[in-house]
Amino acid sequence: MSERSGADGSPPAPHAAVAAAPAPHPAPTRIVTERLVVRQPRPQDDAVQAFAVIDAERDRLHRWLPWVPNIRTAGDEQAFLDRVVGWWEAHEQFHWLVFERDTYAFVGSVGTARVAWDQGLVELGYWIAQAYEGQGLVTEAVRGVQRACFAMGFHRVEIRCSSGNTRSAAIPKRLGYQLDAQLREERIEHGARVDTLVYSLLRTDNAAEPGTDPPRGLRVSDAGRRQPRIRRIICQPEPRQRGDDRRRGP
Ligand SMILES: CC(C)(COP(=O)(O)OP(=O)(O)OC[C@H]1O[C@@H](n2cnc3c(N)ncnc32)[C@H](O)[C@@H]1OP(=O)(O)O)[C@@H](O)C(=O)NCCC(=O)NCCS
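For my numbering, add 13 to where a residue sits in the sequence shown, where the first one is 1.
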């Protein structure tokens, strides 16, 4: 669903049958895939270009993303990205920005819409600039992020979308998610009652490819695996210090 639902701050619901919540593993701040760099936002550097896409494609994005009208200026976007960094440090929510690896061009975003550490559950959302649609870039970014989620200790990755959003639904389908449910008229979208599709991928599913990723500081070569779209994924935390090189590109 929307990748900007934000942290609601509510305490985790107790559940008698569930084992103790795993200690949160840090989210990788940088994931490199075959064509993309998927990284933690740098609010000051990124707000203007992210806002430029949101502003130019307002109608197209708002068709499916309810938060779009809240972003009226680059300052609004920077304030959101600042919150993202805060949520990240608190292990509450994670939003990655996606850049083309070769050109450093801003492409879009993949982020969490819901994080339930106590349930081992994370829900992902995404959007991409129109110029980059139709190339499999979101599928590639989501594959990298879901893999990171499993390495962080999550058991279930969920993707929810409106039943009318066929481009969005195609992504979990392409990645081998299971359709768990079609929630009838679960929400109102632009004045119409619409169904929600709920897709899931479990860490134990064959399509999950959780690999043997340790939770942080890692370099995983997938060269020998049968993965058609990603030859190699590197997940490594961003250096803590900000240097000039961090401003040159993703
Ligand atoms: C939903 C959205 C993210 C999907 O973007 P997308 O570009 O269609 O998704 P991908 O980047 O994975 O590209 C898939 C397409 O690339 C094609 N493709 C080309 N090369 C590919 C490759 N190497 N791997 C996979 N697919 C590839 C696929 O066949 C598919 O094309 P098709 O739509 O003609 O079948 C995008 O339409 C969007 O931002 N919509 C507005 C916001 C939104 O709805 N967000 C989701 C809310 S739930």
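Quick reminder that beta carbons are idealized off the backbone N, C-alpha and C, glycines included.
Hey, quick one: how far does the beta strand (DSSP E) through residue i stretch, first residue to last?
| i | result |
| --- | --- |
| Gln191 | 191-202 |
| Lys48 | Looking at the sequence itself, residue 48 is Arg, so the reference to Lys does not match. From DSSP, Arg48 is part of no beta strand (DSSP E); its letter is neither H nor E. |
| Ser176 | Element bounds for Ser176: n/a, residue is neither H nor E. |
| Glu146 | Element bounds for Glu146: n/a, residue is neither H nor E. |
| Thr209 | 205-215 |
| Leu134 | 134-141 |
Mind checking whether residue i and residue j have CB atoms under 8 Å apart?
| i | j | result |
| --- | --- | --- |
| Trp109 | Val61 | no |
| Leu134 | Phe167 | yes |
| Val207 | Ser176 | yes |
| Trp101 | Ala40 | yes |
| Phe119 | Ala63 | yes |
| Arg156 | Val45 | no |
| Thr42 | Gln57 | no |
| Leu188 | Thr209 | no |
| Arg216 | Phe163 | yes |
| Leu192 | Trp140 | no |
| Ile184 | Thr152 | yes |
| Asp313 | Leu94 | For residue 313 there is no data in the structure shown, the boundaries of the chain being 14 and 263. |
| Cys174 | Ala182 | yes |
Could you tell me if the beta carbon of residue i falls within a distance shorter than 7 Å of some heavy atom in ligand 1?
| i | result |
| --- | --- |
| Ser176 | no |
| Trp140 | yes |
| Gln148 | yes |
| His86 | Checking the sequence shown, residue 86 turns out to be Thr, not His. Answer for Thr86: no, Cβ out of range of ligand 1. |
| Pro181 | Checking the sequence, you will find Ser at residue 181 rather than Pro. The answer is yes for Ser181. |
| Val151 | yes |
| Leu210 | no |
| Ile44 | no |
| Arg156 | no |
| Leu49 | no |
| Trp77 | yes |
| Leu74 | yes |
| Ile201 | no |
| Arg187 | yes |
| Ile184 | yes |
With 8 Å as the threshold, decide whether the Cβ of residue i is near any Cβ in chain D.
| i | result |
| --- | --- |
| Pro54 | Chain labels in this structure do not include chain D; a single protein chain is all it has. |
Starting from residue i, follow the alpha helix (DSSP H) in both directions and report where the run begins and ends.
| i | result |
| --- | --- |
| Glu153 | 150-165 |
Kindly give me the distance between the Cβ atoms of residue i and residue j, rounded to whole angstroms, as I take these residues to be in contact under 8 Å.
| i | j | result |
| --- | --- | --- |
| Gly124 | Ala142 | That belief does not hold up - the Cβ atoms of Gly124 and Ala142 are roughly 15 Å apart, past 8 Å. |
| Leu137 | Glu222 | So it is not a contact: roughly 15 Å between Cβ atoms. |
| Arg71 | Val81 | 6 Å |
| Gly73 | Leu150 | According to the sequence displayed, residue 73 carries Arg and not Gly. Not confirmed; about 16 Å, so no contact. |
| Leu275 | Ala205 | The chain is shown from 14 up to 263; residue 275 falls before or after that span and cannot be answered. |
| Met165 | His38 | 4 Å |
> What are the start and end residues of each continuous alpha helix (DSSP H) run of 4 or more residues lying completely inside the segment 44-132, in chain order?
Replying inline: DSSP runs (the alpha helix (DSSP H)) wholly in the segment 44-132: 56-69, 71-75, 87-102.
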